[in-house]
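J.:
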Amino acid sequence: MTSKSPLKIAIASGKGGTGKTLLSTNLAAYLSQFEPTLLVDLDVEEPNDALFINAPLLSTANQHKMIPVWNEQECILCGKCARVCKFHAVVQLGRTISVFNQLCHSCYACSELCPTNALPIQTHKMGETRFFEKGNLSFIESRLVVGEEQAVPLINKTHSIAQQKYNHIKTHLLDCPPGTSCPVVAATKDTHYVILVTEPTPFGLNDLALAVETMRQLGKDFGVVINREGHGNSSVKEYCQREQIPVIASIPFQREIAELYSTGQLVYSTIPAVRQALEQIALVIKEKGAKR
Ligand code: SF4
Ligand code: SF4
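When you line the sequence shown up against our numbering, it's residues 29 to 320, in that order.
Laid out in structure tokens, this is it:
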């Protein structure tokens, strides 16, 4: 990665409902006041940043993955395809070969090993990406089609779109799916810094500890933002201190924030404490950019 490539900041959390969307959308809008900024909603199963960004839609693009399709006429029922598929996406049942699209990882192995070319690879729609623009803020979101279970291929595709189409924008913010499984690993891939959003409750601490473990295993540079500070207890702060994890900002527990958020509004321009938290995060982002 060259020093001219965009600075990629992931915003993640060990569980949903901690304030990841609140932080991602407000931080993106705040930063875009000063320079062009890209926000990417990678929570492809349930993207909702668009509700808050409220930007005009520029275009939509279908996203496809490649899957094998069985050609009964060519098949000699040798069973090789079912044996080679590590993901159990091809199954032989009597004289029928079934391909389960949702399980297929598009590795091409079955198709290439088939002795009679009876499993040609074809395109299959997995989701779509929507492109928005509002002043200095570019925003893209990808959404899986209903019934499609694999988030990772669409997350990877969205990463490459951001890289190719928005390489001229210096700061990319990536709103990641919640949790600690494969989609989060895919979403935080190639990012320079991860902001873990949590809340000061026992549940928040439990999920933060899991997220921290994942980030450490991935060798990520990361810091924590505590949302709804004052609402729970001090266990998250004590944990971060013990583990030497920087708490880069806190957003207080305020009724006004919840009220504005529940009506789909950005809060940074009306709530001084949020603006102050964003200023602190912006300084960390600047510092990370300068160090590359
Ligand atoms: S590898 Fe090809 S020929 Fe053999 S069972 Fe599968 S589809 Fe049929
Ligand atoms: S392309 Fe790969 S993952 Fe998909 S069905 Fe064939 S062997 Fe399995």
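Even for Gly, the Cβ is constructed at its ideal location relative to N, Cα and C.
1) If you reduce the DSSP assignment to three classes, tell me which class Ile-309 lands in.
2) Smallest Cα separation from Asp-249: which of Gly-258, Glu-257, Val-68, Ala-239?
3) Does chain C have any CB closer than 7 Å to the CB of Lys-153?
4) Please classify Ile-37: is it buried, with 16 or more other beta-carbons within 10 angstroms of its beta-carbon, or exposed?
5) Going by DSSP, name the residue or residues bridged to Lys-153.
6) Could you check if Met-29 is buried or exposed, using at least 16 other CB atoms within 10 Å of its CB as the buried criterion?
7) Do you know offhand how far Ala-83's Cα is from Val-295's?
8) For Ser-262, which residues in the same chain have their Cβ closer than 6 Å to its Cβ, ignoring the five residues on either side in sequence?
9) In terms of alpha-carbon separation, which member of Thr-216, Ser-209, Ser-166 lies closest to Leu-59?
10) Using 8 Å as the Cβ pair cut-off and three pairs as the minimum, do the region 32-49 and the region 178-185 touch?
11) What I want to know is whether the C-beta of Ala-137 ends up closer than 6 Å to one or more non-hydrogen atoms of ligand 2.
12) Just the C-alpha distance for Gln-61 and Glu-169, rounded to the nearest angstrom, thanks.
13) Taking 6 Å as the cut-off, is the beta-carbon of Gly-122 closer than that to any non-hydrogen atom of ligand 1?
14) Is the CB-CB distance between Pro-274 and Ile-254 below 7 Å?
15) What does the Cβ neighbour count give for Lys-32, buried or exposed, with the cut at 16 atoms within 10 Å?
T.: In brief:
1) It is helical.
2) The shortest CA-to-CA distance from Asp-249 to any of Gly-258, Glu-257, Val-68, Ala-239 is the one to Ala-239.
3) Chain labels in this structure do not include chain C; a single protein chain is all it has.
4) Under this definition Ile-37 is a buried residue.
5) In the DSSP secondary-structure assignment, Lys-153 is bridged to His-92.
6) Because Met-29 sits at a pLDDT of 44, beneath the cut-off of 50, its placement in the model cannot be relied upon, and the point is left open.
7) Counting only the Cα atoms, Val-295 lies some 16 Å from Ala-83.
8) Within the same chain, Ser-262 has no close Cβ partners at all.
9) It is Ser-166.
10) The answer is no - the region 178-185 does not touch the region 32-49, with fewer than three Cβ pairs under 8 Å.
11) Yes, ligand 2 has a heavy atom inside 6 Å of this Cβ.
12) Going from the Cα of Gln-61 to the Cα of Glu-169 covers about 21 Å.
13) No.
14) For the pair Pro-274 and Ile-254, the CB atoms are not nearer than the 7 Å cut-off.
15) Flag for Lys-32 reads exposed.
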